[in-house]
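Residue numbers (UniProt numbering): 1 to 807.
See below:
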């Protein structure tokens with residue numbers, strides 16, 4: 001029957017432990033894996049129902065341990081009424097007939113914590129805090145704790161030790177004598193009691209020795225912490241692993257005379273003396289943080305400067321849960337500055353990404369909106385240390401708008417740091433933000449009055465090439481950078497060259513050759529050597545890009561067999577654009593050579609050099625037009641290589657005829673010399689100037705050339721006729737009378753043909769235009785022939801009359 005009653009009570013208790021009690025705002029979860037057998041409490045994980053905040057719940061099931069109810073009741077009472085930073089923090093509790101709950105911040109038992117071999121600094125800090133808590137109870141509250149041992153010490157996630165175990169806490173003069181009555185109910189408490197208490201000498205707990213019992217228990221705590229085992233009070237005589245700096249003070253705690261025994265407060269005073277065992281940087285830092293709100297500005301500034309240098313030496317868990325909250329609080333209330341922010345980021349580098357997002361990010365987002373320039377500068381400068389923890393949404397919606405405001409700041413340092421901050425921010429920014437806002441902002445910064453800002457803007461553009469589209473590069477970025485090549489600041493020009501080198505790979509090779517290469521070449525002879533050096537490097541890099549593209553291109557864009565003549569397709573001159581003129585001249589000269597009269601013996605001839613290699617190959621035109629002059633003994637055969645294009649009669653010497661007779665022996669290789677000797681030059685060399693001429697004896701009019709008629713070689717411009725030639729005969733007088741008196745000499749006709757050839761060659765005129773001009777020349781030639789025939793007829797008539805008169 002008793003078993004069934006206990007089963008029912010246990011079931012009801014489980015319902016309560018499951019958090020089903022209406023007045024209990026916490027959910028009790030699974031118990032801790034390790035429970036200390038010396039504790040009367042069962043530790044459970046728990047969460048607050050309203051916000052799921054994690055807590056630790058001390059639960060005691062009174063259905064099975066009814067005799068422990070007075071201890072649970074006293075602990076519940078003391079936790080609710082006594083508050084101190086070094087005591088276990090009471091959040092909430094519930095006391096029923098069958099159960100008692102005490103809710104605190106998340107903690108773990110000291111023995112569990114010590115198994116992980118904590119940092120020595122944390123151990124010293126923990127002992128300091130426990131000593132402070134006992135001192136507070138003994139001196140300020142006039143209480144005796146009576147349960148100072150490892151089972152009453154709990155450790156927070158920050159590594160801070162807190163004192164609990166208030167089951168027998170009370171005054172030694174309490175009329176109810178709770179301490180004296182219930183102390184023996186605590187498991188294994190006799191191991192930690194001083195000799196006088198074990199002998200039931202409670203009178204030793206007087207006003208002047210109220211701390212003697214807690215002092216003894218504190219010594220037992222020291223011994224177990226450093227030696228990891230405590231099974232008998234006889235071990236206290238040998239400190240063993242206890243630090244030597246504590247040795248003397250430790251012995252004062254373990255004396256058997258309660259009157260001579262030190263209280264914990266005195267032990268604490270000795271440890272905090274200069275060069276004492278509690279006098280170190282870690283404990284001083286923690287003490288300052290606990291009193292940060294009452295320190296003045298100068299003290300805070302000095303402290304934060306020192307903290308930045310030592311914070312990385314602190315345990316990570318402690319920095320995260322103890323130091324970091326205090327630093328962030330000072331930043332939010334403008335109590336800190338850049339030094340605080342640097343310390344925050346150093347801690348942020350030591351913690352996980354989840355912890356960074358949870359603890360640091362909310363404060364950082366708020367700080368960007370603050371108007372403090374020094375803080376803003378530090379935020380921008382330290383951006384590479386925390387940007388990886390920022391989400392894309394947070395950067396685009398919250399942080400970047402505040403960052404962009406720095407481009408218009410009146411302080412040059414803020415503007416420059418804003419430009420630098422774009423590099424680490426770029427991976428988190430959206431494409432539209434970069435193409436629209438970032439490029440526009442940097443475009444303005446390139447024109448900044450500060451040369452350093454201009455230089456950094458160019459460097460930033462060079463580093464952001466992979467985030468900017470090719471169209472934006474071509475339309476906006478490249479023109480901006482090319483403009484900076486004329487910047488008077490040396491480093492700005494160098495940075496512009498570096499930016500072009502970086503952007504080149506993201507441009508079309510044709511744009512590189514047309515847009516980038518020409519301005520870069522201008523800086524190859526820059527007055528400053530760093531600019532010249534960088535210009536050379538940039539030029540080589542860009543040329544490699546262009547050469548790589550050129551290697552992929554075909555040798556020609558069209559086939560040589562099926563190609564359409566350019567003159568027909570795109571209005572340019574065809575391949576044989578000068579062929580009609582050269583061919584016509586060649587045929588005319590050949591015809592002259594066939595009808596020439598042999599020169600008189602002894603006449604001087606000139607053998608010109610074979611300069612005709614520069615002419616195009618001979619083109620055969622078989623069509624020959626009849627000429628009225630061809631019927632006479634001095635007729636000149638004329639051929640036309642193109643319809644409607646006249647060929648003038650040309651008179652030449654025998655040496656010229658010999659040269660012309662070999663004109664058909666030219667090979668096609670002569671085309672390669674057209675750039676050196678143009679057709680206009682050849683035509684000019686064949687032009688006859690009849691104003692001053694010399695003739696060979698006994699030569700007919702058709703064989704006479706002026707003294708200035710010549711066939712020029714590339715190296716000689718000598719006359720083709722002999723300077724010792726005889727005077728001209730009557731036929732020459734006939735040419736002179738016709739060409740000079742009538743002002744229609746052969747030189748004019750020849751010059752008209754030459755000018756026409758020049759016009760045809762230079763302007764590449766159409767066939768219709770050539771035909772029109774040729775028609776005009778033919779008309780003039782016909783008029784000249786007609787006048788010449790009339791003159792000859794008159795002369796014959798005159799000669800006949802003379803003969804008749806002579807006869």
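Even for Gly, the Cβ is constructed at its ideal location relative to N, Cα and C.
The structure displayed is predicted, hence computed values, not measured ones.
Cα-Cα separation, residue i to residue j
| i | j | result |
| --- | --- | --- |
| residue 469 | residue 410 | 31 angstroms |
| residue 520 | residue 507 | 15 angstroms |
| residue 456 | residue 495 | 8 angstroms |
| residue 279 | residue 228 | 24 angstroms |
| residue 59 | residue 176 | 25 angstroms |
| residue 184 | residue 129 | 27 angstroms |
| residue 70 | residue 166 | 11 angstroms |
| residue 220 | residue 230 | 8 angstroms |
| residue 514 | residue 402 | 39 angstroms |
| residue 467 | residue 364 | 26 angstroms |
| residue 555 | residue 483 | 35 angstroms |
| residue 596 | residue 786 | Unreliable positioning characterises residue 596 in this predicted model, as indicated by a pLDDT of 44, which lies under 50. A coordinate reading is not provided. |
| residue 37 | residue 381 | 53 angstroms |
| residue 326 | residue 293 | 10 angstroms |
| residue 237 | residue 270 | 20 angstroms |
| residue 146 | residue 340 | 42 angstroms |
| residue 276 | residue 395 | 49 angstroms |
| residue 462 | residue 360 | 32 angstroms |
| residue 222 | residue 121 | 15 angstroms |
Close-in-space but distant-in-sequence residues of the same chain around residue i (CB under 7 angstroms, 5 per side omitted)
| i | result |
| --- | --- |
| residue 447 | none |
| residue 143 | 137, 169, 170 and 171 |
| residue 385 | 345, 348 and 349 |
| residue 373 | 411 and 414 |
| residue 426 | 434, 464 and 467 |
| residue 224 | 150 and 230 |
Member of the options whose CA lies at the smallest distance from the CA of residue i
| i | options | result |
| --- | --- | --- |
| residue 204 | 54, 156, 229 and 258 | 258 |
| residue 460 | 418, 472 and 299 | 418 |
| residue 439 | 386, 65, 366 and 464 | 464 |
| residue 475 | 443, 41, 352 and 223 | 443 |
| residue 101 | 87, 76 and 124 | 76 |
| residue 315 | 351, 194, 333 and 485 | 351 |
| residue 266 | 283, 281 and 248 | 248 |
| residue 433 | 511, 412, 458 and 397 | 397 |
| residue 63 | 97, 218, 366 and 415 | 97 |
| residue 246 | 226, 256, 202 and 233 | 226 |
| residue 212 | 518, 232, 255 and 178 | 255 |
| residue 155 | 271, 80, 173 and 115 | 115 |
| residue 134 | 158, 87, 108 and 91 | 87 |
| residue 151 | 301, 330, 121 and 192 | 192 |
| residue 125 | 498, 546 and 283 | 283 |
| residue 161 | 260, 118 and 241 | 118 |
Delimiting residues of the alpha helix (DSSP H) encompassing residue i
| i | result |
| --- | --- |
| residue 269 | 264-271 |
| residue 42 | It is not in any alpha helix (DSSP H) - residue 42 instead sits in the beta strand (DSSP E) that spans 42-48. |
| residue 494 | 490-504 |
| residue 520 | 517-522 |
| residue 377 | 373-381 |
| residue 411 | First-last for residue 411: undefined, no H or E at that position. |
| residue 546 | 529-552 |
Boundaries of the beta strand (DSSP E) in which residue i is found, first to last residue
| i | result |
| --- | --- |
| residue 31 | 26-31 |
| residue 163 | 161-163 |
| residue 283 | Premise fails: residue 283 lies in the alpha helix (DSSP H), 281-290, not in any beta strand (DSSP E). |
| residue 95 | 92-95 |
| residue 103 | 99-104 |
| residue 56 | 54-61 |
is_contact[residue i, chain D] using C-beta, thresh 8 angstroms
| i | result |
| --- | --- |
| residue 339 | The structure shown has no chain D; it contains just one protein chain. |
Close Cβ partners of residue i (< 8 angstroms) along its chain, the five nearest in sequence each way excluded
| i | result |
| --- | --- |
| residue 251 | 239 |
| residue 796 | none |
| residue 793 | none |
| residue 489 | 451, 454 and 455 |
| residue 47 | 26, 27, 29, 53, 54 and 55 |
Contact test: residue i Cβ vs the ligand ZN heavy atom, cutoff 7 angstroms
| i | result |
| --- | --- |
| residue 450 | You won't find the ligand ZN in this model; it holds no ligand whatsoever. |
Neighbourhood of residue i by C-beta distance below 6 angstroms, restricted to the same chain and skipping five residues each side
| i | result |
| --- | --- |
| residue 789 | none |
*alpha helix (DSSP H) runs wholly inside the stretch 334-367, at least 4 long, in chain order*: 338-348, 353-359 and 361-367
*May I have a chain-ordered list of the alpha helix (DSSP H) segments no shorter than 4 residues that lie completely inside the stretch 117-144?*
120-135
*Which whole runs of the alpha helix (DSSP H) in the stretch 168-241 are 4 residues long or more, in chain order?*
178-182, 195-198 and 212-227
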